[in-house]
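A.B. asks:
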Amino acid sequence: MPELPEVETTRAGLAPHLEGRRIVAVQMRRPDLRWPIPPEVAAQLPGQRIDGIRRRAKYLLLDTAAGSALLHLGMSGSLRVLTPEVPVRAHDHVDIALDSGRVLRFNDPRRFGCLLWQAPGQTHALLQDLGPEPLGDAFDGDHLFHASRGRRAPVKAMLMDQRIVVGVGNIYAAEALFAAGISPLREAGKISRARYARLADEVRRILAYAIRRGGTTLRDFISPDGAPGYFEQELSAYGRGGAPCPRCGGVLRQASIAQRATVWCPRCQR
């Protein structure tokens with residue numbers, strides 16, 4: 404599933420084509436994706452100016468005066484800005500036509516993504532209980548330290564809890580823990596404030612670097628301009644179980660934590 408850098412890469416790629424444009428029409432080729440598409444999407448978006456496109460966690464919001472279209476790419480979704488003459492593919496489910504003559508096309512083969520509606524002045528239920536953004540001022544080592552007190556779950560599971568901090572999925576949690584020298588198996592409540600400060604710094608550094616590098620191309624993700632991300636070539640831990648540790652040369656171990664594959668170095672991560 405695309406993680407925060409992939410979604411941010413998508414947002415940045417779409418913004419120059421969408422912001423300030425007026426929506427001419429919305430064409431839905433099916434009534435639902437993961438959930439039914441609310442009628443407000445087709446009824447209220449046409450005629451509206453897109454004031455901005457922003458990201459909250461792994462969601463994208465197209466903001467207009469009438470409300471915001473809330474999108475999630477799921478496991479296989481993608482958004483492209485195309486000319487209307489581009490042939491419609493089997494899984495091109497939604498077109499948002501713009502006054503520029505182009506269309507924003509939502510393709511999602513597995514239909515785990517969503518297109519929902521957020522009314523003005525409201526926060527959609529999917530966004531209400533989310534934690535702080537990892538690149539924002541509210542996220543730091545103290546935040547992780549206080550959130551971890553009394554927690555017996557592995558630190559990797561806590562780091563992936565969207566109520567603690569948003570957007571740190573499996574890939575970047577594994578990479579940040581490796582960079583910080585913290586075992587993903589360690590009980591969250593037994594990690595010191597100083598080590599959490601290092602972990603928060605690594606989360607921020609790795610996410611920011613991955614955004615600059617265009618995200619991570621794994622399975623289905625491609626950026627809006629059609630170019631793949633490049634951070635995958637630089638992964639130290641994720642997906643490398645059984646391979647040599649890039650630091651000590653020892654064998655990286657792999658296990659399942661919170662039902663997700665986890666790779667770490669038993670020598671370098673304590």
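Take the sequence shown: its letters are residues 404 to 673, numbered as in the numbering used here. Cβ coordinates follow ideal geometry from the N, Cα and C atoms, glycine included.
Starting from the C-beta of P434, find all residues in its chain whose C-beta is less than 7 Å away, skip the five residues before and the five after it, and write them out in chain order.
C.D. replies: Around P434: I440.
A.B. asks: Quick one: Cα of V410 to Cα of G553, how far?
C.D. replies: So the two alpha carbons sit approximately 32 Å from each other.
A.B. asks: Can the beta-carbon of R513 be found closer than 8 Å to that of G477?
C.D. replies: Result yes, Cβ atoms of R513 and G477 sit closer than 8 Å.
A.B. asks: By Cβ distance below 6 Å, which residues in the same chain neighbour P649 in space, the five residues on each side in sequence not counted?
C.D. replies: Contacts found: S639.
A.B. asks: Spatial neighbours of F542 within its chain, please: C-beta separation below 6 Å, excluding the five flanking residues on both sides.
C.D. replies: The answer, listed in chain order, is P535 and V568.
A.B. asks: Tell me the DSSP secondary structure of F624 in three-state form.
C.D. replies: Unreliable placement is indicated for F624, whose pLDDT of 49 sits below 50; the coordinate value is still reported in the next sentence. Note: F624 maps to coil in three-state DSSP.
A.B. asks: Quick check: the Cα distance between I574 and L533, rounded to an integer number of angstroms?
C.D. replies: Rounded to the nearest angstrom, the two C-alpha atoms are 19 Å apart.
A.B. asks: Among L507, I660 and G644, which has the Cα closest to the Cα of R483?
C.D. replies: The option with the nearest alpha carbon to R483 is L507.
A.B. asks: What do you reckon, are the CB atoms on L610 and P408 nearer than 8 Å?
C.D. replies: Against a cut-off of 8 Å, the Cβ pair of P408 and L610 comes out as a contact.
A.B. asks: Please work out which residues of its chain come closer than 6 Å, Cβ to Cβ, to I614, disregarding the five sequence neighbours upstream and downstream, and give them in chain order.
C.D. replies: These residues qualify, in order along the chain: P408 and E411.
A.B. asks: Does DSSP classify E536 as helix, strand or coil?
C.D. replies: Residue state, collapsed to three classes: coil.
A.B. asks: Within the continuous alpha helix (DSSP H) that includes M431, where are the two ends?
C.D. replies: Run containing M431: none in the alpha helix (DSSP H); it sits in the beta strand (DSSP E), I426 to M431.
A.B. asks: Look at R656 and G644 and say whether their C-beta atoms are less than 8 Å apart.
C.D. replies: Against a cut-off of 8 Å, the Cβ pair of G644 and R656 comes out as a contact.
A.B. asks: Just reading off the alpha helix (DSSP H) that L407 is part of, what are its end residues?
C.D. replies: Looking at the DSSP string, the run of the alpha helix (DSSP H) that includes L407 is L407 to L421.
A.B. asks: With a cut-off of 8 Å on the beta carbons, I'd call V427 and D502 a contact; round off their distance for me.
C.D. replies: Rounded, the Cβ-Cβ distance is 6 Å, consistent with contact.
A.B. asks: In chain order, what residues of the same chain lie with their CB nearer than 6 Å to the CB of H475, ignoring the 5 residues before and after it?
C.D. replies: Closer than 6 Å at the Cβ level, and outside the excluded window around H475, lie Y462, G516 and C517.
A.B. asks: With a 10 Å radius around its C-beta and 16 neighbouring C-beta atoms as the bar for buried, classify E637 as buried or exposed.
C.D. replies: Result: exposed.
A.B. asks: In chain order, what are the residue ranges of uninterrupted beta strand (DSSP E) at least 3 long that sit wholly in the region 504 to 532?
C.D. replies: Taking only runs of at least 3 residues, the beta strand (DSSP E) segments lying wholly in the region 504 to 532 are 506 to 510 and 517 to 521.
A.B. asks: Report the rounded CA-to-CA distance for Y599 versus A415, giving the unit in angstroms.
C.D. replies: One C-alpha to the other measures close to 30 Å.
A.B. asks: Could you have a look at G653 and say whether DSSP puts it in helix, strand or coil?
C.D. replies: Residue state, collapsed to three classes: coil.
A.B. asks: Hey, G470 and W520 are a contact pair by Cβ (cut 8 Å); roughly how many whole angstroms apart?
C.D. replies: Going by Cβ atoms, the distance from G470 to W520 rounds to 6 Å, so yes, they are a contact pair.
A.B. asks: In angstroms, rounded to a whole number, what distance separates the CA positions of Q451 and A460?
C.D. replies: Whole-angstrom Cα-Cα distance: 25 Å.
A.B. asks: Can you tell me whether S659 is buried or exposed? The criterion is at least 16 other CB atoms within 10 Å of its CB, across all chains shown.
C.D. replies: S659 should be labelled exposed.
A.B. asks: Please report how far the alpha carbon of A597 lies from the alpha carbon of R424, in whole angstroms.
C.D. replies: Taking the straight line joining both Cα atoms gives about 47 Å.
A.B. asks: Using only alpha-carbon positions, find the residue among A472, E443 and A446 that is nearest to D454.
C.D. replies: The shortest Cα separation from D454 among A472, E443 and A446 belongs to A472.
A.B. asks: Thinking just about the alpha-carbon of each residue, which of R457, Q430 and I456 is nearest to the one in A445?
C.D. replies: Among R457, Q430 and I456, the Cα nearest to that of A445 is on Q430.
A.B. asks: Pull up the CB-CB distance for E406 and G570, whole angstroms please, since I reckon it's below 8 Å.
C.D. replies: Yes, they are in contact, since the Cβ atoms of E406 and G570 sit about 6 Å apart, within 8 Å.
A.B. asks: Are any of the Cβ atoms in chain B nearer than 8 Å to that of P419?
C.D. replies: In the structure shown, chain B does not exist; there is a single protein chain.
A.B. asks: What residues in its chain sit with their C-beta under 6 Å from that of A661, if we drop five residues either side in the sequence?
C.D. replies: Once the five neighbours on either side are set aside, the close Cβ partners of A661 are A560.
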